[in-house]
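Residue numbers (the numbering used here): -2 to 190.
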């Protein structure tokens, strides 16, 4: 006979919020949000990957700190993705270490390029800054492609729609990019006068 005073028992999901080892998102969404947020989306991207790994594999990690200090943990995350890809028989991702190194170098290089004092004219350092901000996106694109395969969602369909928050950040990004474009255009028209 059951105890009538016992609290009801429920089956709990031991994996928590993530039944996949990595964060799934579509490549289009990754690119749009990365560009719209001027690269700040990578903080969220790293956080979601480390959080999924923490929940799925029970890793004792702090996703927030691994996101903020991503340059120190990129190699580890990319290695987790590469190992999982290989273990599932999906082939190897031999370039994971090179991609992680490229991410770190371009991120640090971008920070340094942003701090170099230049003239008021849009020039070589500004182009270098643009390049060093786009190359990390390519490395995240590569990592996301392999992570989506591991998650058995190669196209990232389960997270391809833009949420209201995503749309808000895209609109804010468009406003910022519009302001930047206007400033550059104004700068060039002043130079030509």
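Heads up, the beta-carbon is just placed ideally off N, CA and C, and yes, glycines get one too.
To the nearest angstrom, how far is the alpha carbon of residue 168 from that of residue 107? 24 Å
Taking DSSP as the reference, what is the three-state secondary structure of residue 22? coil
4-residue-minimum alpha helix (DSSP H) runs that sit fully inside the region 39 to 82, ordered along the chain: 60 to 65
If I follow the unbroken alpha helix (DSSP H) through residue 109, where does it start and stop? 93 to 112
Residue from 64, 140 and 160 with nearest C-alpha to residue 99: 140
Would DSSP call residue 31 helix, strand or coil? helix
Residue environment, residue 67, which counts as buried when at least 16 other CB atoms sit within 10 Å: buried
For residue 61, is the classification buried or exposed, using 16 other Cβ atoms within 10 angstroms of its Cβ as the cut-off for buried? exposed
For residue 51, I'd like the list of residues in its chain whose CB is within less than 7 Å of its CB, leaving aside the five on either flank, ordered along the chain. 58 and 60
Hey, out of 17, 27, 80 and 96, whose CA is closest to residue 159's CA? 27
Are residue 170 and residue 33 close, meaning C-beta to C-beta below 7 Å? yes
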